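Asker: Protein sequences, first through last, are from chains P and R.
Mind the numbering: the first sequence is residues 2 to 170 in the working numbering, read in order.
Mind the numbering: the second sequence is residues 2 to 170 in the working numbering, read in order.
A virtual CB, placed ideally from N, CA and C, is assigned to each residue, including glycine.
In this text the structure is predicted, and so the values were computed from the model without any measurement.
Can you keep this structure in mind? I'll have questions shortly.
Protein chains: 2
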Amino acid sequence: MSDNQVLDAIHARRSVREFEDRDVPDEIIEKIIEAGTWAPSGLNNQPWRFIVVKKGEKKGALAKLTHYGHIIESAPVCILVFLDAKASYDRTKDIMAIGACNQNILLGAHSLGLGGVWLGEILKKKSDVKELLQAPASYELMAVLALGYPTQKKRTSSRKDARGVTFNP
Amino acid sequence: MSDNQVLDAIHARRSVREFEDRDVPDEIIEKIIEAGTWAPSGLNNQPWRFIVVKKGEKKGALAKLTHYGHIIESAPVCILVFLDAKASYDRTKDIMAIGACNQNILLGAHSLGLGGVWLGEILKKKSDVKELLQAPASYELMAVLALGYPTQKKRTSSRKDARGVTFNP
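Next up, the structure:
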C-alpha cells in the first residue's frame, strides 16, 4: 500500500468470481454505474447504456446463456453494458469508450469493497440476452460485469510485465 | 473530496489540453504505462503496445498529423497506444481492453498530478503515424494520450447525467 489509492486500486483489483450471499444496495449500484459514466468518450457521445439484473428469474435465465453461468448465479448483481447504435459515431472509438467505462465501474466497485469480473464469452449469445431483457433494438451487448461482495480476500498475484514499451523510436 | 480517492479521481479527471513547459521524468511515464497494463483483457491477452514520444523532431512531425497538433506540441509526452494484431483474439474485446488500459493511464496520470487528453482524430492518419515511428507492421494505432503537468487547475464542470440505466427489466 502507498498513499496513492488510485494506483493501489489499479494494481490490487483482480477478477472476483465468488460472492457472499449478500445484496448490494441500489444506491451502491447507482454510484458504481455513475463512476462508469465519467469515462471519456469521443465527442463526449457517452455511447454506453446499462441494464442491471439482480437476483431472480431473469438472472437465472441469463446464467444459462454462458459457460460461466455459475459466476452469474453467485453474483448478486450483474451490470450489462451495451453500445447504443443511436449514440454511436465511430465504432472503434465507441468500443474503447465502453472499455474505459467498464474499468471505471470495476475500479469504483473495488474502492467500495466489492469485487467483480468482466464476462465476455456471453457475447456469443448477445441476441438471446437482448431478447431475454427486452432491450431496445439499438442496444448491442458489450460486457456483463458480475459484482458482489467477495467471499474472501483475493491473494495478490505477482506483477505483470509491462510489455512492448518503446521510448522515442 | 471524500475519503475515496478512487471515486474522487474518476469524478475529478478532466481532459487537459495545455501543459507547463516541464518534462515528465521517465520513471513517472513508466509508472503510468504500468498502470495501463493492469487493465483486464480477454483471456489476459494484453493486446496493448506503447510508443512514447517526447520533445523533439518526431513529436513535431506527429503534431502535423492531426487538427489537434497544438495539444501535441504543448504536451511534453505522448503515449501512443496500439493494438497488436499478433496478440489479438477478438477485435471488439481487444479494443475494449485498450479502452480500459487508456483509462488506467489517464487515472494514474491524474493521481500523480499530471493531466492529459485522449486524442482520437489522429486515427485518420494512423498509417502515417506508424510510418513516422517505424512501428511494427502488426501495430494499429488506437489512441494518442497527450500528457503533462497542467498549466492551471481545471475547473470541475457539473456532473453528467447517468444515462440509460434500467433496473431489473
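1. At a CB distance below 8 Å, what residues from the segment 88-100 of chain P approach chain R? Give them in sequence order.
2. Exposed or buried, which one is R/E58 when buried takes at least 16 other CB atoms within 10 Å?
3. With a 10 Å radius around its C-beta and 16 neighbouring C-beta atoms as the bar for buried, classify R/K60 as buried or exposed.
4. Can you tell me where the alpha helix (DSSP H) with R/D27 in it begins and where it stops?
5. Between the alpha carbons of P/S42 and R/K126, how many angstroms are there, rounded?
6. Which stretch, first to last residue, makes up the beta strand (DSSP E) that contains P/G116?
7. Whose CA, out of R/A136, R/V145, R/Q135, R/I73, lies closest to the CA of R/L107?
8. Measuring only the C-alpha atoms, how far is R/A163 from P/I34?
9. I need the DSSP call for P/A88, collapsed to helix, strand or coil.
10. What separation, rounded to the nearest whole angstrom, lies between the Cα atoms of R/Y180 and R/V118?
11. Looking at chain C, is there any beta carbon in it that lies within less than 8 Å of the beta carbon of R/A64?
12. Secondary structure at P/L81, three-state DSSP: helix, strand or coil?
13. Is there a C-beta anywhere in chain R that falls below 8 Å from the one on P/L146?
14. Can you tell me which of P/A64, P/L81, P/N45, P/E28 puts its alpha carbon nearest to the alpha carbon of P/F51?
15. What residues match up with P/Y140 in a beta bridge as DSSP calls it?
16. Can you tell me which of the three DSSP states R/T167 falls into?
17. If you compare alpha carbons, which of R/G149, R/D85, R/Q153, R/D4 is closest to R/V78?
18. Give a yes or no on whether the C-beta atoms belonging to P/E122 and P/T67 are separated by under 8 Å.
19. Spatial neighbours of P/Y90 within its chain, please: C-beta separation below 7 Å, excluding the five flanking residues on both sides.
20. Which residues bound the alpha helix (DSSP H) around P/I73?
21. Between the Cα of P/S75 and those of P/S3, P/D4, P/D22, P/D95, spot the shortest distance and give me the residue it belongs to.
22. Is the CB-CB distance between R/N105 and R/W39 below 8 Å?
23. What does the Cβ neighbour count give for P/D4, buried or exposed, with the cut at 16 atoms within 10 Å?
24. Determine which residues of the segment 40-69 of chain P have a Cβ less than 8 Å from any Cβ of chain R, and write them out in chain order.
Answerer: Based on what the coordinates show:
1. Under the 8 Å Cβ criterion, the segment 88-100 of chain P contributes D91, T93, K94, I96, M97, A98, I99, G100.
2. Result: exposed.
3. Burial of R/K60 is indicated by the presence of at least 16 other C-beta atoms within 10 angstroms of its C-beta.
4. Boundaries of the alpha helix (DSSP H) around R/D27: 27-38.
5. Distance between P/S42 and R/K126, taken at the CA atoms: about 19 Å.
6. 116-120 is the span of the beta strand (DSSP E), which, as asked, contains P/G116.
7. Just measuring C-alpha positions, the residue of R/A136, R/V145, R/Q135, R/I73 sitting nearest R/L107 is R/V145.
8. Reliability of the predicted coordinates at R/A163 is poor, the pLDDT of 49 falling under 50, and the value obtained from them is presented with this limitation in mind. So the two alpha carbons sit approximately 7 Å from each other.
9. DSSP places P/A88 in coil when its eight states are reduced to three.
10. Outside the shown range of chain R (2 to 170) lies residue 180 of chain R, about which nothing can therefore be said.
11. Among the protein chains of the structure shown, namely P and R, there is no chain C.
12. When secondary structure is reduced to three states using DSSP, P/L81 falls in the strand class.
13. No, because no Cβ of chain R sits closer than 8 Å to the Cβ of P/L146.
14. Closest by alpha carbon: P/L81.
15. The partner list for P/Y140 (beta bridge, DSSP) reads P/D85.
16. Judged by DSSP in its simplified three-state form, R/T167 adopts strand.
17. Ranking R/G149, R/D85, R/Q153, R/D4 by Cα distance to R/V78 puts R/G149 first.
18. For P/E122 and P/T67, yes; Cβs fall inside 8 Å.
19. Counting only Cβ-Cβ distances below 7 Å, and skipping sequence neighbours, we find G43, L44, N46.
20. Taken as a continuous stretch (DSSP letters only), the alpha helix (DSSP H) holding P/I73 covers 70-75.
21. That would be P/D22, whose Cα lies nearest to the Cα of P/S75.
22. Their beta carbons are under 8 Å apart, which means R/N105 touches R/W39 by this criterion.
23. By the beta-carbon neighbour count (other beta carbons within 10 angstroms, threshold 16), P/D4 is exposed.
24. Only A40, P41, G43, Q47, W49, R50, F51, I52, V53, V54, K55, G57, K59 from the segment 40-69 of chain P bring a Cβ to less than 8 Å from some Cβ of chain R.
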